[in-house]
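Asker: Residue numbering for the sequence shown follows the numbering used here, beginning at 7 and increasing consecutively. Quick reminder that beta carbons are idealized off the backbone N, C-alpha and C, glycines included. Fair warning: this is a prediction, and the values are worked out from it, not measured in the lab.
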Amino acid sequence: MEKRYCLHCKERLEGRRDQKYCNPICRSAYHRKLKLESSVQSAIHKILRKNYIILEELFTHMPFDQHQITSTKIKLASKGFNFEYCTRVYQNNRGKWYRYVYEYSWMEFSNQKVIIYRQKDW
Ligand SMILES: [Zn+2]
7 MEKRYCLHCK
17 ERLEGRRDQK
27 YCNPICRSAY
37 HRKLKLESSV
47 QSAIHKILRK
57 NYIILEELFT
67 HMPFDQHQIT
77 STKIKLASKG
87 FNFEYCTRVY
97 QNNRGKWYRY
107 VYEYSWMEFS
117 NQKVIIYRQK
127 DW
């Protein structure tokens, strides 16, 4: 017979085949954790989405072949851009960091300047 384990504490289960938890305490702890994770995820998703929309809007009225825009940290922050959240980071061979929100990326400079890039082939 297949071994089964409590979804919360990972203890071996010996009861009914459809049993998922050792007891009601583990069941409610598991559901509490799922709920917490999902609220954290949706909060992060909301920030990333806002960042994405802000970067996308910068390129809205730009020619299709323009892939770079210069702005400032203050301007972006005033639109609600959150510099702490991105989908990936990349450091080039000169040590500069690119931060991405999907196909958009930005590079920050010490003088508050920010260069925003739109990736060509996404
Ligand atoms: Zn358990």
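For arginine 18 versus tyrosine 11, is the C-beta distance shorter than 9 Å?
Answerer: In the sequence shown, the residue the question calls residue 18 occupies position 12. In the sequence shown, the residue the question calls residue 11 occupies position 5. For arginine 18 and tyrosine 11, yes; Cβs fall inside 9 Å.
Asker: Identify which residue in Pro69, Thr78, Ser84 and Ala49 has its Cα closest to the Cα of methionine 113.
Answerer: As a working note, residue 113 is residue 107 in the sequence shown. Out of Pro69, Thr78, Ser84 and Ala49, Thr78 has the C-alpha closest to the C-alpha of methionine 113.
Asker: For my contact list, asparagine 88 and isoleucine 53 are in at a C-beta cut-off of 8 Å; report their separation, rounded to the angstrom.
Answerer: Taking the sequence shown and counting its residues from 1, one reaches residue 88 at position 82. Taking the sequence shown and counting its residues from 1, one reaches residue 53 at position 47. Indeed, because the Cβ distance is near 5 Å, the residues count as touching under 8 Å.
Asker: Taking lysine 126 as the reference, give the member of Cys92, Phe70 and Lys102 with the closest Cα.
Answerer: Position 120 of the sequence shown, counting from 1, holds the residue named residue 126. Comparing Cα-Cα distances from lysine 126 to each of Cys92, Phe70 and Lys102, the minimum goes to Phe70.
Asker: For my contact list, isoleucine 80 and phenylalanine 65 are in at a C-beta cut-off of 8 Å; report their separation, rounded to the angstrom.
Answerer: Counting from one through the sequence shown, the residue named residue 80 turns up at place 74. Counting from one through the sequence shown, the residue named residue 65 turns up at place 59. Isoleucine 80 to phenylalanine 65, Cβ: 20 Å. No contact.
Asker: Taking only the alpha-carbon atoms, compute the straight-line gap between tyrosine 108 and serine 84 and give it to the nearest angstrom.
Answerer: Against the sequence shown, residue 108 aligns to sequence position 102. Against the sequence shown, residue 84 aligns to sequence position 78. Roughly 21 Å between the two C-alpha positions.
Asker: Taking 8 Å as the cut-off, is the beta-carbon of histidine 14 closer than that to any non-hydrogen atom of ligand 1?
Answerer: To locate residue 14, count along the sequence shown from 1; it is residue 8. At least one heavy atom of ligand 1 is nearer than 8 Å to the Cβ of histidine 14, so yes.
Asker: Tell me, which residues are paired with valine 46 by DSSP?
Answerer: Within the sequence shown, the letter at position 40 stands for residue 46. DSSP, once it has assigned bridges, lists no residue as partnering valine 46.
Asker: So, for isoleucine 121: in the same chain, excluding its five sequence neighbours on each side, which residues have a beta-carbon less than 7 Å away from its beta-carbon?
Answerer: By one-based count along the sequence shown, residue 121 stands at place 115. Result list for isoleucine 121: Gln74, Thr76, Trp112 and Met113, in chain order.
Asker: To the nearest angstrom, report how far apart glutamate 20 and cysteine 32 are at their CA atoms.
Answerer: Translated into the one-based positions of the sequence shown, residue 20 becomes position 14. Translated into the one-based positions of the sequence shown, residue 32 becomes position 26. Each residue's Cα considered, the two are about 15 Å apart.
Asker: Rounded C-beta distance between alanine 35 and histidine 14? I'm assuming under 8 Å.
Answerer: Counted from its first residue, the sequence shown places residue 35 at position 29. Counted from its first residue, the sequence shown places residue 14 at position 8. Indeed they touch by this definition, with Cβ atoms about 5 Å apart.
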